[in-house]
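Asker:
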Amino acid sequence: MSEQPASEQSDAGPDLTQGVAADALADGGMLAGHVGDDAVVLARRGGEFFALAAACTHYHGPLAEGVIVGDTLRCPWHHACFDLRTGEAVRAPALAPIACWATELRDGTVYVRAPAAPRTAARVVRGNDAPRRIVIVGGGAAGFAAAEMLRRQGYDGSLVMVSDDDAAPVDRPNLSKDYLAGNAPEEWIPLRAAQFYADQRIDLRLKTPVTGIDAKAREVVLAGGSRLAYDRLLLATGAEPVRLPLPGFDLPHVFTLRTLADCRAIIARAAQARCAVVLGASFIGLEVAASLRTRGLEVHVVAPEARPMERVLGPQLGDFLRRLHEEHGVIFHLQDTAAALDAQRVQLASGGAIDAELVVAGVGVRPRVALAERAGLAIDRGVTVDAHLEAGAPGIFAAGDIARWPDARSGDAIRVEHWVVAQRQGQTAARNMLGAREKFDAVPFFWSQHYDVPINYVGHAERWDEIEIDGDIAARDCLLRFRRAGRVLAVASIYRDRDSLFAEAELERGAS
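FYI, the working numbering numbers position 250 of the sequence shown as 282, with every residue one higher than the one before it.
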């Protein structure tokens, strides 16, 4: 969904201009109310009171149901983070601020007054080597978040974003969720309208492949031979879907899903199809299955594992996801793979066949590291970066799906292929390109949607020796802690939004 600062119209809750007893709000408490037609949340931290717009600028989540952590207010849906004092969107997935109102404490009563004047973000202090020319290679989550943050930080030099895609940056999570299901209009999909790039003087060059990097000359080489000079370079080339070496994989009814063009093509084919096969029980694969079922297609999922998503979520949530999809009519062919595709069906390695007028492969992605490798950067299942996201060559940073960074919590170098992680890395890289020395230490977060069931996941657990379950998975009210050697590395939850936020804060503090 495109993010725009907005006031939500509401008359719910008390009129906060009439005052609220200060002792009605505990430390860390929040109250949803209104100021005129604007929905406002009143929040308390210690002896201070803050009034802010009640809806997150990402997907309009109800901020009064979130939590206060330090000087931030966090959204319960997708963990966007706002500054309590300024309303600034300090951490993705929200990129636009929320409005603030002045408060007054008098005789034990808190009154919300006129809207507060907007305050600019705290800006990075830059040294004498401040860059004049920044180039971003990649038009996905990390690249866009970096460009937006650079301008928000007051960077006024040349800013070029080069992308081989034919569309401006889009809300990629929606491509496998509501947009593919037909529940979200296309105007929600661009992260910003075209005018944004002109207004912010971001030179967005689409359909422009990059063929090389001359690290010594500090130049990016474009297809056709032209060059772009840079003082700082951000590589945010992302990942590409794995294409299976199967007979028939290049047939016109067989798709992968990564770009807006991919999604449009799948939607067009689905409008003419009766039955579909999804190859792979990944998050993308299962979300595609749910979206195609919502469109009324017969859907089969073929995957080699015994349980969907067991490697990431464990056997209990894997079994739950299978039952959930089966309740919605999805037919699973597990511990099996496709052997060949033709115009009407998918041949299985087990010997059977499934009718298929549409095939979508969701069998994973691989990082696009060829450009970095040719430039001589260190590669280890991704581009190796340090804690500041620097890639080992002067002026070059990497962020998003390609970046493998040192994770202080696990002690491992990790690479995470999630939208929010990419955005937050782009923001950190932007500040560091301007002279900050900020370590990237955000706790990884992602969400997945299956029909009406959201799964939130914070942390990163590539392996664990115990899963502690709090609540009832079947009742869709649960929180699972993934432990290794007694330490919590990750937490997954269903309809435990506040618990998920508290778990994120605990992981940030290094608590187990």
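Each residue gets a CB set at the ideal place from its N, CA and C atoms; glycine is no exception.
Note that this is a predicted model, so its numbers are computed, not measured.
1. Give the DSSP bridge partners of Q379, in chain order.
2. Using C-beta distances below 8 Å, list every residue in its chain close to T29, excluding the 5 sequence neighbours before and after it, in chain order.
3. Should M341 and A305 be called a contact, given that it needs their Cβ atoms to be closer than 8 Å?
4. Comparing C-alpha positions only, which one of A87, A96, E80 sits nearest to Y545?
5. Helix, strand or coil for M193 per DSSP?
6. Taking 7 Å as the limit between beta carbons, can you name the residues of its chain near R327, skipping five residues before and five after?
7. Straight-line CA distance for V242 to A178?
8. Is it buried or exposed for Q50, if we count other Cβ within 10 angstroms and need 16 for buried?
9. Taking buried to mean at least 16 other C-beta atoms within 10 Å of its own C-beta, is L421 buried or exposed?
10. Between the segment 478 to 498 and the segment 508 to 518, can you find at least three pairs of beta-carbon atoms closer than 8 Å?
11. Report all residues from its chain with a CB closer than 6 Å to the CB of G346; omit the five preceding and five following residues, and keep chain order.
12. Going by DSSP in three states, W109 sits in which element: helix, strand or coil?
13. When DSSP labels each residue in this structure, what does V568 get in the three-state scheme?
14. May I ask you to report which of helix, strand or coil DSSP gives G102?
15. How about the segment 378 to 388 and the segment 261 to 275: do they share at least three Cβ pairs that are nearer than 8 Å?
16. Can you determine whether any heavy atom of the ligand HEM sits closer than 7 Å to the C-beta of Y229, and answer yes or no?
17. Looking at the secondary structure, which residues open and close the alpha helix (DSSP H) in which T326 lies?
18. For V453, name the three-state secondary structure that DSSP assigns.
19. Any chance the segment 237 to 253 sits against the segment 365 to 372, with 3 or more Cβ pairs inside 8 Å?
20. Hey, would you say A173 sits closer than 8 Å to A454, going by beta carbons?
21. Can you grab the Cα-Cα spacing for the pair V334 / E272, in whole Å?
22. Should G414 go down as buried or exposed, given a rule of 16 or more other Cβ atoms within 10 Å for buried?
23. Run the CB neighbour count on R406, radius 10 Å, all protein chains shown included, and call it buried at 16 or more, exposed below.
24. How is W133 classed by DSSP in three states: helix, strand or coil?
25. Quick one: using the 10 Å Cβ neighbour count with 16 as the cut-off for buried, is G270 buried or exposed?
26. Which residue from R165, G119, R106 puts its Cα closest to that of L466?
27. If we require 3 or more residues per run, which beta strand (DSSP E) segments fall completely within the segment 238 to 307?
28. Which residue from T141, D246, V101 puts its Cα closest to that of A53?
29. Expressed to the nearest angstrom, what Euclidean distance is found between the alpha-carbon atoms of K209 and P217?
30. Tell whether a beta-carbon distance below 8 Å holds between F287 and A297.
31. According to the Cβ coordinates, are G170 and L533 closer than 8 Å?
32. Can the beta-carbon of F364 be found closer than 8 Å to that of A506?
33. Are the beta-carbon atoms of H90 and A112 separated by less than 8 Å?
34. Over what stretch of residues does the beta strand (DSSP E) that includes N488 continue unbroken?
35. Give a yes or no on whether the C-beta atoms belonging to V202 and V167 are separated by under 8 Å.
36. How big is the Cα-Cα spacing for S323 and Y483?
Answerer: This is what the structure holds:
1. The residue given as residue 379 occupies position 347 in the sequence shown. Beta-bridge pairing links Q379 to A372, A385.
2. Lying before the first or after the last residue shown, residue 29 is absent from the chain, which here runs from 33 to 544.
3. Locating residue 341 in the sequence shown gives position 309, counting from the first residue. Locating residue 305 in the sequence shown gives position 273, counting from the first residue. Contact: no.
4. The structure shown does not extend to residue 545, since the chain is modelled only from 33 to 544, so the question has no answer here.
5. Within the sequence shown, numbered from 1, the residue matching residue 193 stands at position 161. Of the three classes helix, strand and coil, the one that applies to M193 here is strand, per DSSP.
6. Here residue 327 refers to the residue found at position 295 of the sequence shown. Taken in chain order, the residues that qualify are A213, G214, A302.
7. As a position in the sequence shown, residue 242 is number 210, starting the count at 1. As a position in the sequence shown, residue 178 is number 146, starting the count at 1. Their Cα atoms are separated by approximately 18 Å.
8. What you label residue 50 is simply residue 18 of the sequence shown in a count that begins at 1. Exposed, since its Cβ has fewer than 16 Cβ neighbours within 10 Å.
9. In the sequence shown, counting from the first residue as 1, residue 421 sits at position 389. Result: buried.
10. yes
11. Within the sequence shown, residue 346 is the residue found at index 314, counting from 1. If we look at G346 and ignore the five residues flanking it on each side, its Cβ neighbours are I499.
12. Position 77 of the sequence shown, counting from 1, holds the residue named residue 109. Reduced to three states, the DSSP call for W109 is coil.
13. The chain is shown only over 33 to 544; residue 568 falls outside these bounds and no answer can be derived.
14. Counting from one through the sequence shown, the residue named residue 102 turns up at place 70. Three-state result, G102: coil.
15. no
16. The model on display carries no ligand, and the ligand HEM is accordingly not part of it.
17. In the sequence shown, counting from the first residue as 1, residue 326 sits at position 294. Run containing T326: 315 to 326, per the alpha helix (DSSP H) assignment.
18. Counting from 1 along the sequence shown, the entry for residue 453 is found at position 421. DSSP places V453 in helix when its eight states are reduced to three.
19. no
20. Here residue 173 is taken as the residue at index 141 of the sequence shown, counted from 1. Here residue 454 is taken as the residue at index 422 of the sequence shown, counted from 1. Against a cut-off of 8 Å, the Cβ pair of A454 and A173 comes out as a contact.
21. The residue given as residue 334 occupies position 302 in the sequence shown. The residue given as residue 272 occupies position 240 in the sequence shown. Looking at the two C-alpha atoms, the distance is approximately 21 Å.
22. Here residue 414 refers to the residue found at position 382 when the sequence shown is read from its first residue. So G414 ends up on the buried side.
23. Residue mapping note: residue 406 aligns to position 374 of the sequence shown, counting from 1. Exposed: under 16 other Cβ atoms inside 10 Å.
24. The count along the sequence shown starts at 1 and reaches residue 133 at position 101. Note: W133 maps to strand in three-state DSSP.
25. Here residue 270 refers to the residue found at position 238 of the sequence shown. Under this definition G270 is a buried residue.
26. Residue 466 sits at position 434 when you count from the first residue of the sequence shown. Out of R165, G119, R106, R165 has the C-alpha closest to the C-alpha of L466.
27. 242 to 246, 251 to 254, 259 to 261, 264 to 267, 271 to 273, 286 to 288
28. Start at 1 with the first residue of the sequence shown, and residue 53 comes out as number 21. Comparing Cα positions, the closest option is T141.
29. For the purposes of this step, residue 209 is taken as the residue at position 177 of the sequence shown. For the purposes of this step, residue 217 is taken as the residue at position 185 of the sequence shown. Spanning the two alpha carbons is a distance of roughly 12 Å.
30. Start at 1 with the first residue of the sequence shown, and residue 287 comes out as number 255. Start at 1 with the first residue of the sequence shown, and residue 297 comes out as number 265. Cβ distance < 8 Å, so F287 and A297 count as in contact.
31. Here residue 170 refers to the residue found at position 138 when the sequence shown is read from its first residue. Here residue 533 refers to the residue found at position 501 when the sequence shown is read from its first residue. Not in contact: G170 and L533 (Cβ atoms no closer than 8 Å).
32. Here residue 364 refers to the residue found at position 332 of the sequence shown. Here residue 506 refers to the residue found at position 474 of the sequence shown. The answer is no: Cβ separation not under 8 Å.
33. Counted from its first residue, the sequence shown places residue 90 at position 58. Counted from its first residue, the sequence shown places residue 112 at position 80. Yes, the Cβ-Cβ distance between H90 and A112 is below 8 Å.
34. As a first step, residue 488 must be located in the sequence shown, where it is residue number 456. Start and end: 485 to 491.
35. Taking the first residue of the sequence shown as 1, we reach residue 202 at position 170. Taking the first residue of the sequence shown as 1, we reach residue 167 at position 135. Taking 8 Å as the Cβ cut-off, V202 and V167 do not qualify as a contacting pair.
36. By 1-based counting over the sequence shown, the position of residue 323 is 291. By 1-based counting over the sequence shown, the position of residue 483 is 451. The alpha-carbon atoms of S323 and Y483 are separated by roughly 8 Å.
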